[in-house]
Structure formats: structure tokens, C-alpha cells
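Under this note's numbering, the first residue of the sequence shown is numbered 29, with each subsequent residue one higher.
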Amino acid sequence: MKDSPAEKRIHQALYYERLVDDHCACILCPRGCVIAPGSFGHCGARANAGGTLVLPYYGLISSIAIDPVEKKPLRMFLPGSLTYSVGFWHCTMDCPFCQNWEIAHPDKVERRYLEPAQLVAMALTSGCPSISFTYSEPCLHIEYLIEAMTLARSAGLKTILVTNGNLRPEPAASVLPLTDATNVDLKTWIPDRYGKILGGDIKAVKAFIALAYRLCHVEVTSLLVPGVLDTPDQIEKIARFLAGISRTIPLHITPYHEAYLWDKRPLGAAESARIAEPAFALIDHVYYQPPWLH
Ligand code: SF4
Ligand code: SF4
């Protein structure tokens with residue numbers, strides 16, 4: 029698709045500080061990149077143009093599909109409904125088992141541009157009661173999200189955010205009040221693995237979940253990945269953390285399959301069930317998906 033005139037506008041980023049020598053400090057995610065003029069941040073989605081942080085991929089949509097809301101996964105929000113699902117490009121994290129790696133870490137970005145108003149009009153035409161921002165990391169495109177979610181809500185659509193939650197408090201406090209329901213990944217309980225293997229920050233994710241509980245409907249997903257989240261002790265700690273906020277927060281425990289850079293064999297059915305088991309006594313809604321149903 030040809031670039032539209034709108035796409036040629038320079039979109040300035042929110043959440044950055046100007047430093048000396050035209051460097052920019054991005055303060056959207058915990059990584060806190062300091063970006064030199066002419067360079068991109070670690071995620072590849074935010075760039076320094078002469079001392080201004082800009083969004084070279086503003087409004088570029090990677091994927092659109094209509095999914096059952098249970099696929100997000102959300103089990104206690106508009107159950108049985110379909111949701112108009114939209115993905116962007118890039119991600120704030122580097123999970124080596126990423127199942128959306130083609131759009132999270134793209135070699136090439138397709139230039140399919142949609143203004144937020146166009147996207148919301150398409151979602152309305154679909155007849156779905158909600159619009160979901162999902163697939164890679166939507167919060168990396170928070171400027172677009174704020175606009176699209178505001179429009180969607182005023183048009184009567186519910187808004188869903190499927191996110192890694194790896195965001196700083198100030199942007200989290202901007203996007204969550206516009207969100208009706210969110211599913212947040214909690215990928216391991218070991219801070220070192222969050223940082224070194226996944227490129228995220230568990231403290232930020234925990235804070236995001238706690239804030240989400242105050243501002244919207246929240247469900248949490250923990251994927252059983254060998255070498256990342258693979259012990260009952262970790263699931264017990266995750267469930268205890270959620271119970272400390274509210275026993276009513278649903279936890280989805282889901283199986284992984286080999287993808288992207290991670291080729292470790294998936295955990296077996298008996299082992300997966302043993303790892304998931306501690307959650308059932310600690311919180312009210314555990315949705316455990318055995319490997320053979322994946
Ligand atoms: S959003 Fe991107 S540029 Fe900003 S701190 Fe995170 S990885 Fe760096
Ligand atoms: S947070 Fe999700 S989209 Fe991003 S790298 Fe990890 S698995 Fe992929």
C-alpha cells in the first residue's frame with residue numbers, strides 16, 4: 029500500500045526527556061533507552077529525529093482478525109463474544125519463545141496505515157462489541173492507543189488490551205483508565221530471568237497488574253515455558269501475588285510450543301499439571317490448559 033498523506037506526518041512520542049547533545053531518554057518502558065540523534069531505541073519503534081523522539085511506525089497495522097474473546101484470553105469479560113483484534117509492530121521485550129516474532133521483531137514493516145478513526149469505524153462495521161489491541165505489544169504504540177481507545181469508547185465499543193505489562197507507571201496510568209479489560213502476561217517469578225532472558229522488569233509488570241485491578245477488569249496469563257516458568261514454586265508465588273491483590277483475578281496457565289529462538293521441548297502433561305496445581309488452592313479462577321489441547 030502507498031503511504032497516505034497522513035502517514036507522512038511526523039508523530040512525536042509521549043514519554044521522553046530531552047538530554048544534552050540532542051539525546052533523548054525514552055521513559056515509556058523500564059528499559060529507559062538513551063537514544064542518540066538518528067538512532068532507534070532497543071524496541072526499534074521509537075527514534076530520535078534531531079532531539080525529538082518520534083514514531084516512525086505510527087498507525088501501521090500488522091494484523092486484523094476477528095477472534096473469540098476467550099482467545100485473548102479473557103474468560104470473565106463479555107464471554108461468548110467476538111472481538112475485533114488489531115496488532116501493531118515491535119515489542120518492548122525480547123522473549124526468545126515469542127509466538128508473534130514476525131511482528132514483534134520484524135525485518136520489514138508492511139506499510140498498512142489506518143487512522144484511529146478509520147480503525148474504529150472498521151471495528152464498528154464488524155459488529156463486534158469490543159476492539160482488542162493484541163498480538164505484539166500494543167503499549168509501545170500508546171499514542172495511537174489513547175486516541176483509538178477514546179474514539180472506540182465514545183462509539184460504544186468496549187476496549188481490550190492484551191499486554192506484557194512491561195510499562196512505567198505514568199504511561200500505565202494513562203492507558204488503563206481507557207481500558208475495559210486487560211490480559212497481562214506474568215511470565216516467570218524469577219526477576220533475573222525476567223531481565224536477562226526476556227528483557228523485561230518483573231517489578232513493573234507486578235505494578236501494572238495491581239494498577240489494572242483498580243482501573244479495569246484484569247486477567248493474567250502465565251505460559252509454562254521450560255527454562256523460564258517450569259516449577260510449582262513459581263506458580264505458587266504468582267498465585268500468592270494475585271491473591272494479595274484479589275483472589276478473584278483469573279489466572280490462565282497455558283502451554284508453550286517451540287517458536288522463534290527457543291527449541292526446548294514443551295513440558296509433558298503430567299509435569300504441567302503438577303506445576304499448575306498450587307494455584308487452585310490460592311485463587312478462585314484458574315484456567316489451566318493442558319498441553320494436548322493447545
Ligand atoms: S519503549 Fe523502546 S525506546 Fe522506549 S525505553 Fe522501551 S525499548 Fe527503549
Ligand atoms: S512480550 Fe509477547 S510479543 Fe513481546 S517478545 Fe514477549 S512474547 Fe513476543
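Glycine included, each C-beta is placed from N, C-alpha and C at the ideal position.
Every value quoted in this text rests on a predicted model; they were computed, and no experiment measured them.
| Asked | Found |
| --- | --- |
| How many angstroms separate the CA atom of GLU198 from the CA atom of PHE308? | 33 Å |
| In the DSSP assignment, find the unbroken alpha helix (DSSP H) run with GLY272 in it and report its ends. | 260 to 273 |
| I'd like to check one pair, GLY228 with ASN194: are the Cβ atoms closer than 8 Å? | yes |
| On a Cα-Cα basis, can you pick out the residue from ASP208, PRO306, LYS224 that is closest to PHE105? | ASP208 |
| Please work out which residues of its chain come closer than 6 Å, Cβ to Cβ, to HIS70, disregarding the five sequence neighbours upstream and downstream, and give them in chain order. | ARG59, CYS61 |
| How about VAL246 and ILE277: do their beta carbons lie closer than 8 Å? | yes |
| With distances taken Cα to Cα, identify the nearest neighbour of SER300 among TYR315, ARG275, THR259. | THR259 |
| Closer than 8 Å is the cut-off here; do at least three beta carbon pairs connect the segment 78 to 95 with the segment 209 to 225? | no |
| In angstroms with no decimal places, state the Cα-to-Cα distance between CYS52 and GLY66. | 11 Å |
| Which whole-angstrom value describes the C-beta separation of PRO144 and ALA176, a residue pair presumed to lie in contact below a C-beta threshold of 8 Å? | 4 Å |
| I need the boundaries of the beta strand (DSSP E) containing ILE281, first residue and last residue. | 279 to 283 |
| Provide the residue(s) that pair with SER323 in DSSP beta bridges, ordered along the chain. | Here the chain has residues from 29 to 322 only, and residue 323 is not among them. |
| If you run the structure through DSSP and keep just helix, strand and coil, what is ALA132? | helix |
| Consider the C-beta atom of ASN211 and the heavy atoms of ligand 2; say whether any pair is separated by less than 7 Å. | no |
| Give me, in chain order, the residues of the same chain whose beta-carbon lies closer than 6 Å to that of HIS169; leave out the 5 immediate sequence neighbours on both sides. | PHE116 |
| What three-state label does DSSP hand ILE237 in the structure shown? | helix |
| For the putative contact between THR187 and LEU206, defined by C-beta atoms under 8 Å, what is the C-beta separation to the nearest angstrom? | 6 Å |
| Our contact map puts ILE55 next to ARG242 with C-beta atoms below 8 Å; I'd like the distance itself, whole angstroms only. | The pair is not a contact, with the Cβ atoms about 22 Å apart (cut-off 8 Å). |
| Could you tell me which uninterrupted beta strand (DSSP E) segments, each at least 3 residues in length, are contained entirely in the segment 174 to 227, listed from first to last along the chain? | 186 to 191, 209 to 213 |
| Are the beta-carbon atoms belonging to ALA200 and PHE236 less than 8 Å from one another? | yes |
| On the DSSP letters alone, give me the boundaries of the alpha helix (DSSP H) that SER154 sits inside. | 144 to 154 |
| Indicate, with yes or no, if ligand 2 has a heavy atom lying under 7 Å from the CB of SER91. | no |
| In the DSSP assignment, find the unbroken beta strand (DSSP E) run with ALA73 in it and report its ends. | That residue, ALA73, is in no beta strand (DSSP E); it is neither H nor E in DSSP. |
| In angstroms with no decimal places, state the Cα-to-Cα distance between ALA238 and ALA64. | 34 Å |
| Can you name, in chain order, every residue of its own chain whose Cβ lies under 8 Å from the Cβ of SER164, other than the five neighbours on each side? | SER90, GLY115, PHE116, TRP117, HIS118, CYS119, ASN128, ILE131, ALA132 |
| Rounding to the nearest angstrom, what Cα-Cα distance links THR80 and ASP50 in this structure? | 8 Å |
| My output table needs one value for VAL256: the three-state DSSP class, helix, strand or coil. | coil |
| Would you kindly check if the distance between the Cβ of ILE174 and the Cβ of LEU252 is under 8 Å? | no |
| Please confirm whether PHE125 and TRP290 have their CB atoms less than 8 Å apart. | yes |
| So, using beta-carbon positions, are LEU214 and ARG140 closer together than 8 Å? | no |
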